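Reviewing the structure listed below.
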Amino acid sequence: MAIEVGGKTIETDEEGYLVNLSDWNEEVAKKLAEEEGLEMNDERWEIVNFLRDYYNEYQIAPAVRVLTKAVGKRLGKEKGTSKYLYELFPYGPAKQACKIAGLPKPTGCV
Amino acid sequence: MADFETPELTDEIVVPHIQEGAMEGSGPFIAKPEHQEPLGFPGELVENWQEKAIDKMGELLGKYRSFQVFLDICVKCGACTDKCHYFLSTSDPKNMPVGRQDTLRSVYRRYFTVAGKLFPKLVGARDLTKEVLDEWYNYFHQCSQCRRCSVFCPYGIDTAEISMAAREILDSVGVGQKYCNEIIAKVFKIGNNLGLPEPALRDTLEDLEEEIYEDTGVKVRLPLDEKGADILLITPSADFFAEPHIDGLMGYAKVFHEAGVSWTISSYASEAANFGMFIGSYENMQKVAMRIREAALDLGVKRIVHGECGHAWRVAYSFWNTLAGPWDFLDPNYPVPQHICEFTWDLIQQGKLKFDKSENDHRVVTFHDSCNVARATRMGDKPGGQFEIPRNVIKAVCNNYVDMEEETIRDATYCCGGGGGLLTDDLIELRVKGAMPRMHALNKVMEEDGVTNMAAICAICKSQFTKVLPYYKMPMDMIVSVHQLVSDAIILTGQNEEGGEEAEEEA
Chain A
7 MAIEVGGKTI ETDEEGYLVN LSDWNEEVAK KLAEEEGLEM NDERWEIVNF LRDYYNEYQI
67 APAVRVLTKA VGKRLGKEKG TSKYLYELFP YGPAKQACKI AGLPKPTGCV
Chain B
742 MADFETPELT DEIVVPHIQE GAMEGSGPFI AKPEHQEPLG FPGELVENWQ EKAIDKMGEL
802 LGKYRSFQVF LDICVKCGAC TDKCHYFLST SDPKNMPVGR QDTLRSVYRR YFTVAGKLFP
862 KLVGARDLTK EVLDEWYNYF HQCSQCRRCS VFCPYGIDTA EISMAAREIL DSVGVGQKYC
922 NEIIAKVFKI GNNLGLPEPA LRDTLEDLEE EIYEDTGVKV RLPLDEKGAD ILLITPSADF
982 FAEPHIDGLM GYAKVFHEAG VSWTISSYAS EAANFGMFIG SYENMQKVAM RIREAALDLG
1042 VKRIVHGECG HAWRVAYSFW NTLAGPWDFL DPNYPVPQHI CEFTWDLIQQ GKLKFDKSEN
1102 DHRVVTFHDS CNVARATRMG DKPGGQFEIP RNVIKAVCNN YVDMEEETIR DATYCCGGGG
1162 GLLTDDLIEL RVKGAMPRMH ALNKVMEEDG VTNMAAICAI CKSQFTKVLP YYKMPMDMIV
1222 SVHQLVSDAI ILTGQNEEGG EEAEEEA
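Line order of the protein sequences matches chains A and B.
Take the position in the first sequence, starting the count at 1, then add 6; the result is the number in the numbering used here.
Take the position in the second sequence, starting the count at 1, then add 741; the result is the number in the numbering used here.
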């Protein structure tokens, strides 16, 4: 599978995750979000950027709890809930937000 | 939402009229060479696959007597036909346990029985063609290896063993399932199913320590790689990542804290799950299990305690001795291995834990027996301990508990719909449908008894329910960890008042 961004073909796996993480840029993120039926706004960018920062440091996406706490600290306690994250990413903050952030899909019993 | 209909929950589960081919398809995503090769399997379908598959079947028949017996003794009595959650929800006759077995039994007859060699048509024997191989791949990935059918089979035929053998044959000719095999390769490379490296694990555990401190004012530790600790906790890596799993992990930590024991998690063996069992590969199952032995020896622990993981408990309880034993370096005064529910229940009986049960008063709780725990293991020293001990723990921390209908719990429990290596998004239709019998029983106690939460002791069950509950218009967070309930009610020594108040506010 593949997506087209700015005339460039970018390879994705069967589930739409980027094959090469280095292909990611903001335009690619917008396209990946569009494929999910989502439009990127400030709130979604906030999460996507946090995921990318965390991934750069730890080579994995953060636990949902780590994410909600970080969001709570940055954006206020009422947003530090998984409910808020599911509103932004209805298919689950871990999987859907990771896809848009260009990160690999979390695997295992999750 | 995906392109299928979620089953309707009716008054009674009706055995459906069969619909041939209702779940025909190409099965879940096939593993790529990079997922296959670390497990010792060919990267893709080998040229002489037919010959190799038949050889492999012969090898397994020689190795596992039970496999051959199960293929020989079925008398087609039909007792199993309406016992599988996937048949009840999909109507596909190849999802009847006997139908599933027959896809492989017919090939066994053709190549390994005299009648099948001479008169194949008369005895329902068929050649192993590519279509048959594809059919195996599809339908043996529609079996969650839950073993409910085997409880009702008068001969005790275990479809799970046949399904494991089928997957082993498929892997040996290069047709593996991406979900399972990618995960096993990750365990070999990083130490857990998630691919969670040590620094991330350490960071997560520190975060949880901080959270418990903020809630309670008590410094509860979640130690990592601490040599000389008495207890090694082996838990599914989902406990470090997903919800409600992580709340269960905090519950174990609080119990260890109040017990006053020294314990540790290992970054090398940061996974209890053992997907080697799902794919029927003894070698891979052993390799995963050996990591735990190595970690235990390296850290010098005296005991191993298992967190809430269904099939891991089966692997440990039933297979560890021959897979990775002897465990004579562990303290014989304690069960080897020990389940966290046994550990907690033991302390409760000794009066060593204090609870404020009213912290769970906003809940009416029921318990989902996880298939591998219920039908393949035991807890404690009495028959049925695997049913009673988790319930006893829940009742010790909750005032409101009710069971679901008897024919859907204990050893007759219905699978969550996502076990046995099927917890992957590419099987979402099967997962949603397969959950129907459990959702049916849950819906009844919600309506009749006001049940608000269902507790479980398996990471797969918890993730599966989180995903499928919304399809049945039930809240995704109604599934909880047993030790989450413990965590919410336990009174830590020196705990401040604030913690209690905060919890009440949430309620």
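Glycine included, each C-beta is placed from N, C-alpha and C at the ideal position.
No experiment lies behind these values; they were computed from the predicted model shown.
With a contact defined as Cβ atoms closer than 8 Å, residue 1082 of chain B and residue 887 of chain B miss out at about 20 Å. For residue 78 of chain A, no CB of chain B lies under 7 Å from its own CB, so it is not counted at the interface with that chain.
Interface annotation, residue 71 of chain A: in contact with chain B, CB-CB separation under 7 Å. Using a Cβ-Cβ cut-off of 7 Å, residue 984 of chain B counts as an interface residue toward chain A, since at least one Cβ of chain A sits closer than that to its own. With fewer than 16 other beta carbons inside 10 angstroms of its own, residue 760 of chain B counts as exposed. Against chain A, a Cβ distance below 7 Å from residue 927 of chain B picks out 113. Residue environment for residue 8 of chain A: exposed (fewer than 16 other C-beta atoms within 10 angstroms of its C-beta). In summary, the residues of the region 966-999 of chain B whose CB is separated from some CB of chain A by less than 7 Å are 977, 978, 979, 981, 982, 983, 984, 987, in the order they occur in the chain. Sequence-ordered contacts of the region 1154-1187 of chain B with chain A read 1164, 1166, 1167 [C-beta pairs closer than 8 Å]. According to the DSSP assignment, residue 1181 of chain B belongs to the alpha helix (DSSP H) that extends over 1177-1190. Using a CB distance below 7 Å, the part of the region 1188-1212 of chain B facing chain A consists of 1200, 1201, 1204, ordered along the chain. Taking the C-beta atoms as reference points, residue 998 of chain B is found no nearer than 7 Å to residue 1042 of chain B.
In this structure, residue 1145 of chain B keeps its C-beta atom at 7 Å or more from the C-beta atom of residue 1196 of chain B.
Here residue 913 of chain B has 782, 783, 793, 794, 797 as same chain residues with Cβ atoms under 8 Å from its own Cβ, once five neighbours each way along the sequence are excluded. Boundaries for residue 973 of chain B: no alpha helix (DSSP H) harbours it, while the beta strand (DSSP E) harbouring it runs 972-975, taken from the DSSP string. In this structure, DSSP gives residue 1054 of chain B a helical state, which the three-state scheme calls helix. In the structure shown, residue 867 of chain B adopts coil according to DSSP, grouped into three states.
For residue 14 of chain A, the enclosing beta strand (DSSP E) stretches over residues 14-17.
In this structure residue 1161 of chain B is in contact with residue 884 of chain B, their Cβ atoms being roughly 6 Å apart against a cut-off of 8 Å. Secondary structure within the region 28-73 of chain A: not one fully enclosed beta strand (DSSP E) run of 3 or more consecutive residues is present. Nearest neighbour of residue 762 of chain B by Cα position, chosen from B/819, B/840, B/1154, B/892, turns out to be B/840. Interface annotation, residue 53 of chain A: not in contact with chain B, CB-CB separation never under 7 Å.
Using a CB distance cut-off of 7 Å, residue 42 of chain A does not count as an interface residue toward chain B. Within the same chain, 17, 18, 19 come within 7 Å of residue 25 of chain A by CB-CB distance, once the 5 residues on both sides are set aside. Counting along the chain, residue 889 of chain B sits inside the alpha helix (DSSP H) bounded by residues 889-893. Contact between the region 986-996 of chain B and the region 1024-1036 of chain B is absent: fewer than 3 CB-CB pairs across the two stretches fall below 8 Å. Counting C-beta pairs closer than 8 Å gives three or more between the region 32-46 of chain A and the region 96-116 of chain A, which meets the contact rule.
Counting of Cβ neighbours within 10 angstroms places residue 863 of chain B among the exposed residues, the total staying below 16.
For residue 1044 of chain B, DSSP records a beta bridge to B/972.
Within chain A, no C-beta atom comes nearer than 7 Å to that of residue 946 of chain B; the closest sits roughly 10 Å away. Closer than 7 Å to the CB of residue 1226 of chain B there is not a single CB belonging to chain A. When beta bridges are read from the DSSP output, residue 1195 of chain B appears opposite B/1107, B/1220.
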